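Quick notes on the structure that follows.
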Amino acid sequence: MAHKLFLLPGDGIGTEIMAEVETLIAHLNAEGLTDFETDTGLVGGSAYDAYGVAISDADMEKALAADAVIFGAVGGPKWDNVAYDVRPEAGLLRLRKDLKLFANLRPAICYPALADASSLKRELVEGLDILIVRELTGGVYFGEPKEITDLGNGQKRAVDTQVYESYEIDRICRVAFDLAGTRRKLVHSSDKKNVMKSGVLWDEIAHQVAKDYPDITFKHILADNCAMQLVRNPKQFDVIVTDNLFGDILSDAAAMLTGSLGMLPSASLGAPDPVTGKRKALYEPVHGSAPDIAGKGVANPIAMIASFAMALRYSFGMVELADRVEAAIAGVLDAGLRSADIMQEGCRQVSTDEMGAAIIARL
Ligand code: IPM
Ligand code: MG
-6 MAHKLFLLPG
4 DGIGTEIMAE
14 VETLIAHLNA
24 EGLTDFETDT
34 GLVGGSAYDA
44 YGVAISDADM
54 EKALAADAVI
64 FGAVGGPKWD
74 NVAYDVRPEA
84 GLLRLRKDLK
94 LFANLRPAIC
104 YPALADASSL
114 KRELVEGLDI
124 LIVRELTGGV
134 YFGEPKEITD
144 LGNGQKRAVD
154 TQVYESYEID
164 RICRVAFDLA
174 GTRRKLVHSS
184 DKKNVMKSGV
194 LWDEIAHQVA
204 KDYPDITFKH
214 ILADNCAMQL
224 VRNPKQFDVI
234 VTDNLFGDIL
244 SDAAAMLTGS
254 LGMLPSASLG
264 APDPVTGKRK
274 ALYEPVHGSA
284 PDIAGKGVAN
294 PIAMIASFAM
304 ALRYSFGMVE
314 LADRVEAAIA
324 GVLDAGLRSA
334 DIMQEGCRQV
344 STDEMGAAII
354 ARL
């Protein structure tokens, strides 16, 4: 039976990099390696322009019905002044919330060919392979109240609410420990238990979960220290599990260590269905819509293609094919092909299309 993919290219370079994934899907289907059916919708500014919302109910229905959602990027200066609840990011946040995608996996891998493009010294990042497991549907992103009130005396008061229940911490920690079991068997849990009650609970639950995984080394690290250690000695980490906001920040820092934010994929997963075992899932590059280079055909499609590879791995169990796509990416980099964002001396600069085609040719 065909697998249903719902493509949401979004804004800016989103459409250009998604086009490369579409070409790859067509290639894999033609080779008989996969049987994907695709449908495409609008999200972010492009949805706002068409429907006045960041994602339409009809497209939300399609996202809910799909086996996986492949997401490009949203936002751009054109929509800087639209109402807060229909801003482009609201489309992504609604997808995460309504699909209940609580587990966000953000690998930070340093491709050997790019070790010199990192802002850190080669020896600190060469071979780097970290996985940040970020809680994605709770915490300060969604906690209520979340508002600005007018105090009437010329002052205003803004409130965001950091809130976690134990089940939310428990399930994200289990995802982290399960994944660590397939890797180097080390989990760091990161919070601010020295100042936050939500951190105290986070740490308590993380320790409880750790007891169920005796073969995995468990360490606690305060989030500020974690940020510091990431830029001091990143290879000490294997899996880092943390809340929504700290995960947002730490994953950007980790991503940049690898040489380019433009290289990294992510997966957002829901809980397995009790009957079918299938998880709802959305795959997206960690980078944004890069409006400054949109429409020029120079965007780097690697994070988008690597996100599709994560879909092969985590949604469809096509581990070998995912390995091949990832090897093809590493292969074109080794061969000296570079998009503008990662261009280095002695390499050949290629367009978005050329990079996509070269990866397919390597497969
Ligand atoms: C991310 C982004 C989003 C977030 C924005 C676009 C809402 O920064 O996916 O990391 O803050 O979660
Ligand atoms: Mg972010």
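Sequential numbering of the sequence shown, starting at -6, is according to our numbering. Ideal Cβ positions, reconstructed from N, Cα and C, are used throughout, including at glycine. Predicted model only: the values in this text are computed from it and were never measured.
Self-check item: Closer than 5 Å: residues whose CB approaches a heavy atom of the ligand IPM
Solution: Glu82, Asp241
Quiz item: Does the ligand MG have a heavy atom nearer than 7 Å to the CB of aspartate 153?
Solution: no
Self-check item: Coarse secondary structure for serine 49, derived from DSSP in three states
Solution: coil
Quiz item: Roughly how many whole angstroms lie between the Cα atoms of isoleucine 214 and arginine 177?
Solution: 18 Å
Self-check item: Inside the region 244 to 285 only - beta strand (DSSP E) runs reaching at least 3 residues
Solution: 258 to 262, 274 to 278
Quiz item: Under 8 Å between the Cβ atoms of threonine 210 and leucine 179?
Solution: If you check the CB distance, threonine 210 and leucine 179 come in under 8 Å.
Practice problem: Take glycine 7 and list the residues in its own chain whose beta-carbon comes closer than 6 Å to its own, dropping the five residues that flank it on each side. | Solution: Result list for glycine 7: Gly65, Ala66, Ser282, in chain order.
Quiz item: Pick from Val224, Leu254, Ala220: whose alpha carbon is nearest that of serine 238?
Solution: The amino acid at residue 238 is misidentified as serine; the sequence shows leucine. By alpha-carbon distance to leucine 238, the top candidate from Val224, Leu254, Ala220 is Ala220.
Self-check item: Simplified DSSP assignment, three categories, for asparagine 97
Solution: strand
Quiz item: Are the beta-carbon atoms of lysine 185 and glycine 192 separated by less than 8 Å?
Solution: yes
Quiz item: So is histidine 357 buried or exposed if we call it buried at 16+ other beta carbons inside 10 Å?
Solution: With the chain covering -6 to 356 only, the question about residue 357 has no answer from this structure.
Exercise. Label isoleucine 141 either buried or exposed according to how many other C-beta atoms from any shown protein chain fall within 10 Å of its C-beta, with 16 as the threshold for buried.
Key: exposed
Quiz item: Under a Cβ-count criterion, where at least 16 other Cβ atoms within 10 Å of its own Cβ denotes burial, should methionine 336 be classed as buried or exposed?
Solution: When all chains shown are included, methionine 336 counts as exposed.
Exercise. Just list the alpha helix (DSSP H) runs in the region 95 to 156, keeping only unbroken ones of 4 residues or longer that don't cross its boundaries, in chain order.
Key: 115 to 118
Quiz item: Roughly how many angstroms lie between the CA atoms of aspartate 122 and arginine 99, to the nearest whole one?
Solution: 11 Å
Quiz item: Got a sec: does the ligand MG put a non-hydrogen atom nearer than 7 Å to the Cβ of aspartate 346?
Solution: no
Quiz item: Regarding aspartate 245 and the ligand MG, is the C-beta to nearest heavy atom distance less than 7 Å?
Solution: yes
Quiz prompt | Selection from Arg331, Phe(-1), Leu94 that minimises the alpha carbon distance to serine 344 | solution = Arg331
Quiz item: What did DSSP end up calling phenylalanine 239 once you bin it into helix, strand or coil?
Solution: helix
Quiz item: Who are the near neighbours of leucine 314 in its chain, counting only those whose CB is closer than 7 Å to its CB and skipping five residues on each side?
Solution: Leu26, Leu305
Self-check item: Helix, strand or coil at alanine 61 [DSSP, three-state]
Solution: strand
Quiz item: Is it true that the CB of alanine 59 sits closer than 8 Å to the CB of lysine -3?
Solution: yes
Self-check item: CA-to-CA distance, leucine 326 to isoleucine 18, given in whole angstroms
Solution: 21 Å
Self-check item: Residue from Glu128, Tyr157, Met53, Asp28 with nearest C-alpha to serine 259
Solution: Out of Glu128, Tyr157, Met53, Asp28, the CA that lies nearest to the CA of serine 259 is found in Glu128.
Self-check item: isoleucine 214 - containing beta strand (DSSP E), residue span
Solution: 210 to 215
Practice problem: For the beta strand (DSSP E) containing leucine 369, list its first residue and its last residue. | Solution: Absent from the model: residue 369. The displayed extent of the chain is -6 to 356, so no value can be given.
Self-check item: Alpha-carbon to alpha-carbon, glycine 324 and proline 105
Solution: 10 Å
Quiz item: Touching or not, the region 267 to 281 and the region 83 to 95, by the rule of three or more beta carbon pairs under 8 Å?
Solution: yes
Quiz item: What number of angstroms, rounded off, separates the C-alpha of aspartate 143 from the C-alpha of asparagine 74?
Solution: 21 Å
Quiz item: Which partner residues of lysine -3 appear in the DSSP bridge assignment?
Solution: Glu30
Practice problem: Please go through the same chain and pick out, in chain order, the residues whose beta-carbon is closer than 8 Å to the beta-carbon of glycine 45, but skip the five residues on each side of it. | Solution: Val79
Quiz item: Which residue from Asp346, Phe301, Glu54 puts its Cα closest to that of serine 261?
Solution: Phe301
Self-check item: Close beta carbons around lysine 55, own chain, < 7 Å, minus the five adjacent residues each side
Solution: Phe(-1), Asp32, Gly34
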